[in-house]
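Enquirer: Below is one structure. I have some questions about it.
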Amino acid sequence: MNLLKAAYTVSLLTLVSRITGLLREVLVARYFGASAWTDAFNVAFRLPNLLRRLFAEGAFSQAFIPILAQSRAQDSEAANRKLIDDVATSLAWILAAVSLGGVLIAPALVFLTASGLHPAAFDAAVWMTRLMFPYAGLISLVALSAGILNTWKHFTIPSLTPALLNLCVIAAAILLHRVMHPPIYALAVGVVVGGVLQLALQWPALKRYAVLPRIHMNFLAAWRSPGVKRVVKQMLPASMAVSVAQVSLVINTQIASHLRPGSVSWLAYADRLMEFPTALLGVALGSVLLPSLSRAHAADDPRSYSQLLDWGLRLTLLLALPCAVALGVFAKPLIAILFNYGHFNAFDVDQTTTALRAYGLGLIGLIGVKILAPGFYAKRDVRTPVKLAIVVLAGTQLMNLAFVPWLAHAGLALAISCGALLNAALLFRGLRKRGSYKPEPGWAAFAAKVALAQMPLALILYWGASHFPWADWGGPFGHWKRLGTAFGLMGAAAAAYFSSLALTGMRPGDFLRRE
């Protein structure tokens with residue numbers, strides 16, 4: 015399998031999902047702006063997302079995929095099916111119970127997450143939490159399906175699935191915002207419908223590979239099976255690692271809810287833009303690397319293991335550094351062309367811009383963690399990332415104390431960025447110390463070429479950002495002129511960057527890797 019091609023496929027399909035996600039946020043900004051109501055939706059949507067990351071995309075995938083990859087390499091087809099069925103049954107019943115509990119205690123959950131919300135917004139957040147909490151169960155089963163398909167080297171459907179959620183929220187915002195009261199409830203309806211459709215989309219691919227999970231009624235039998243016990247044993251410390259990250263998000267949301275109304279939303283809009291590079295690079299590379307690293311470990315091939323990590327880190331620097339520079343230099347134009355419509359005013363543009371710039375400082379760390387952490391998970395070492403995550407959590411909160419009084423909501427974003435860089439550095443040190451990763455020759459020259467190539471990119475974007483009135487582009491067809499100018503500048507900057515790399519002798523073929 016060509017890993018670069020697989021990563022490219024995942025990135026391309028993820029790009030489709032992220033574009034629909036941006037369209038979703040553009041519509042939300044246009045119809046609702048950045049207000050107490052959008053804060054309420056972001057708080058309510060964050061709660062099931064926390065469970066999704068805990069039960070599914072984070073802890074579960076990190077524990078399940080290496081075990082399933084080993085089973086596929088060493089065991090019979092019947093054993094693989096039994097492992098899948100038992101894990102799916104256990105996960106489904108646990109999620110059903112947790113979802114029901116979340117619906118019942120929604121007021122307490124909202125209070126713990128964002129007690130500073132306006133009373134009316136607090137009530138709206140409770141209602142939307144109850145409606146959307148089952149989404150956590152649906153999307154966790156989607157993540158289970160994606161883990162199975164990725165292990166079978168099928169990346170298309172899992173990468174395209176998130177677009178369905180975004181399209182459903184877009185449709186709900188357009189069709190229902192005039193009939194729901196308050197109108198923000200339309201977004202919650204779209205989330206639930208999207209979760210159902212996301213799960214349904216997985217079934218044909220799972221059936222084609224004959225790995226469609228069969229959920230049965232005997233929870234205890236599934237829970238006591240050896241395969242589930244192995245997954246749970248690995249998942250518990252992994253859950254701790256994910257929980258630490260989610261605790262940090264909850265604390266940040268709680269702090270933001272006590273700042274100026276709109277703070278939660280400004281951070282959410284900036285985070286949506288950050289998801290573009292983190293998903294296109296971090297998630298895509300991580301999705302490809304974890305199964306590949308697991309197979310290299312199962313084959314007892316430490317050389318390939320180290321080379322896979324080196325390949326991922328080089329691609330991270332090559333592609334993440336220019337994204338970080340662009341987010342820092344061109345943040346305001348990006349926010350203006352995407353969100354500066356309807357209820358989203360110039361003040362909202364400025365506040366979201368400061369958050370985005372703060373997030374951008376940690377982009378390499380955020381993506382690097384997604385490359386480095388699989389280096390531990392593939393060897394079923396989830397305890398080390400947990401310990402490091404706890405250190406990072408403590409450090410992040412200390413940074414909040416220093417940054418928030420000075421920078422308000424942007425201080426929260428800056429603390430997350432610094433925490434991500436610290437986490438990546440600690441993970442890197444851990445892999446080097448235990449000998450799992452040995453850098454390939456030529457890193458110094460490679461890093462110097464990439465760093466020098468940032469200069470023309472930064473100059474073009476800086477000139478464009480300071481030369482045009484991005485937040486107040488009047489006249490006929492002002493929006494289209496603004497959009498065309500932005501795309502022209504970004505295209506010129508990208509061309510200058512890759513041309514600079516080519517002049518140094520770097521070629522796309524240098525990053526081809528087959529497994």
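Sequential numbering from 15 applies to the sequence shown in the numbering used here.
Each residue gets a CB set at the ideal place from its N, CA and C atoms; glycine is no exception.
Look at the Cβ atom of Ala259, then the Cβ atom of Ala403, and state whether they are nearer than 8 Å.
Expert: Yes, the pair counts as a contact, with Cβ atoms nearer than the cut-off.
Enquirer: Measuring CA to CA, which of Ala139, Leu114, Val57, Leu174 is closest to Val30?
Expert: If we check each option's Cα against that of Val30, Leu174 comes out closest.
Enquirer: Quick check on the DSSP output: the alpha helix (DSSP H) that includes Thr103 runs from which residue to which?
Expert: First-last of the alpha helix (DSSP H) with Thr103: 91-118.
Enquirer: Under 8 Å, do Pro172 and Leu181 count as touching if we go by C-beta distance?
Expert: Their beta carbons are not under 8 Å apart, which means Pro172 does not touch Leu181 by this criterion.
Enquirer: Could you tell me the distance, in whole angstroms, from the CA atom of Ser129 to the CA atom of Leu61?
Expert: About 14 Å.
Enquirer: Under the assumption that Pro148 contacts Val206 (Cβ atoms under 8 Å), give the Cβ distance between them as a whole number of angstroms.
Expert: Rounded, the Cβ-Cβ distance is 7 Å, consistent with contact.
Enquirer: Taking only runs of the alpha helix (DSSP H) that begin and end inside the region 221-288, which ones reach a length of at least 4 residues, in chain order?
Expert: Within the region 221-288, the complete alpha helix (DSSP H) runs of at least 4 residues are 233-237, 240-271.
Enquirer: Using 8 Å as the cut-off, can you tell me whether the region 429-442 makes contact with the region 406-420, which would need three or more C-beta pairs spanning the two stretches below that distance?
Expert: These segments touch.
Enquirer: Do three or more CB pairs link the region 370-377 to the region 283-293 at distances below 8 Å?
Expert: Yes, the region 370-377 is in contact with the region 283-293.
Enquirer: Which of helix, strand or coil does DSSP assign to Tyr199?
Expert: Helix at Tyr199.
Enquirer: For His272, which residues of its own chain have a beta-carbon under 7 Å away from its beta-carbon, when the five flanking residues on both sides are left out?
Expert: Closer than 7 Å at the Cβ level, and outside the excluded window around His272, lie Gly130.
Enquirer: Reducing DSSP to helix, strand and coil, say where Gly47 ends up.
Expert: In this structure, Gly47 counts as coil in the three-state DSSP scheme.
Enquirer: Classify Asp99 as buried or exposed, calling it buried when 16 or more other Cβ atoms lie within 10 Å of its own Cβ.
Expert: Burial call: buried.
Enquirer: Measuring alpha carbon to alpha carbon, tell me which of Leu352, Ser154, Phe390, Ala510 ends up nearest Leu303.
Expert: Nearest of Leu352, Ser154, Phe390, Ala510 to Leu303, Cα basis: Phe390.
Enquirer: Can you list, in chain order, the residues of its chain with a C-beta nearer than 7 Å to that of Pro196? Leave out the 5 residues immediately preceding and following it.
Expert: So the qualifying residues of the chain are Trp51, Ala138.
Enquirer: Could you give the residue range of the alpha helix (DSSP H) that holds Tyr149?
Expert: Run containing Tyr149: 133-165, per the alpha helix (DSSP H) assignment.
Enquirer: Where does His493 sit, in a helix, a strand or coil, going by DSSP?
Expert: Three-state DSSP puts His493 in a helix.
Enquirer: From Arg66 to Ala110, what does the alpha carbon distance come to, in whole angstroms?
Expert: Roughly 13 Å separates the two Cα atoms.
Enquirer: Using the three-state DSSP reduction, which class does Glu39 fall into: helix, strand or coil?
Expert: In this structure, Glu39 counts as helix in the three-state DSSP scheme.
Enquirer: On the DSSP letters alone, give me the boundaries of the alpha helix (DSSP H) that His357 sits inside.
Expert: Neither: His357 is in no alpha helix (DSSP H) and is coded neither H nor E.
Enquirer: For my contact list, Leu441 and Ala387 are in at a C-beta cut-off of 8 Å; report their separation, rounded to the angstrom.
Expert: About 6 Å separates the two Cβ atoms, so the contact holds.
Enquirer: According to DSSP, simplified to helix, strand and coil, what is Tyr476?
Expert: Here Tyr476 sits in helix by DSSP.
Enquirer: Roughly how many whole angstroms lie between the Cα atoms of Lys221 and Thr165?
Expert: Roughly 15 Å separates the two Cα atoms.
Enquirer: Using the three-state DSSP reduction, which class does Leu375 fall into: helix, strand or coil?
Expert: Residue state, collapsed to three classes: coil.
Enquirer: Within the region 170-219, note down every full alpha helix (DSSP H) run reaching 4 residues or more, in order along the chain.
Expert: Qualifying alpha helix (DSSP H) stretches, in chain order: 170-174, 176-190.
Enquirer: Only counting the same chain, and skipping five residues up and downstream in sequence, which positions put a Cβ closer than 6 Å to that of Gly444?
Expert: If we look at Gly444 and ignore the five residues flanking it on each side, its Cβ neighbours are Thr398.
Enquirer: Under 8 Å Cβ to Cβ from Asn94, same chain only, skipping five residues before and after it: list those, please.
Expert: Cβ neighbours of Asn94 beyond the five flanking positions: Leu82, Ser85, Arg86, Val225.
Enquirer: Is it right to say Phe361 is buried, meaning 16 or more other beta carbons lie within 10 angstroms of its own, or is it exposed?
Expert: Exposed is the call here.
Enquirer: In or out: Lys167 buried (at least 16 other Cβ within 10 Å) or exposed?
Expert: Exposed: under 16 other Cβ atoms inside 10 Å.
Enquirer: Using a Cβ-Cβ cut-off of 6 Å (strictly less than) and excluding sequence neighbours within five positions of Ser262, which residues of its own chain qualify?
Expert: Around Ser262: Leu407, Thr410.
Enquirer: Could you compute how far the alpha carbon of Gly376 sits from the alpha carbon of Ala92?
Expert: One C-alpha to the other measures close to 45 Å.
Enquirer: If the criterion is Cβ atoms closer than 8 Å, does the pair Arg44 and Val183 meet it?
Expert: Contact: no.
Enquirer: Taking 8 Å as the threshold, find out whether the region 490-507 comes into contact with the region 377-386 through three or more Cβ pairs.
Expert: No, because fewer than three Cβ pairs between the region 490-507 and the region 377-386 fall closer than 8 Å, the two stretches do not touch.
Enquirer: Can you check which of these residues, Leu426, Lys393, Arg317, Met288, is closest to Ile33 by C-alpha distance?
Expert: For the residues Leu426, Lys393, Arg317, Met288, the minimum Cα distance to Ile33 belongs to Met288.
Enquirer: Between which residues of its own chain and Leu123 is the CB-CB distance below 8 Å, once the five residues before and five after are set aside?
Expert: Cβ neighbours of Leu123 beyond the five flanking positions: Leu61, Gly116, Thr143.
Enquirer: Are the beta-carbon atoms of Val363 and Tyr476 separated by less than 8 Å?
Expert: Their beta carbons are not under 8 Å apart, which means Val363 does not touch Tyr476 by this criterion.
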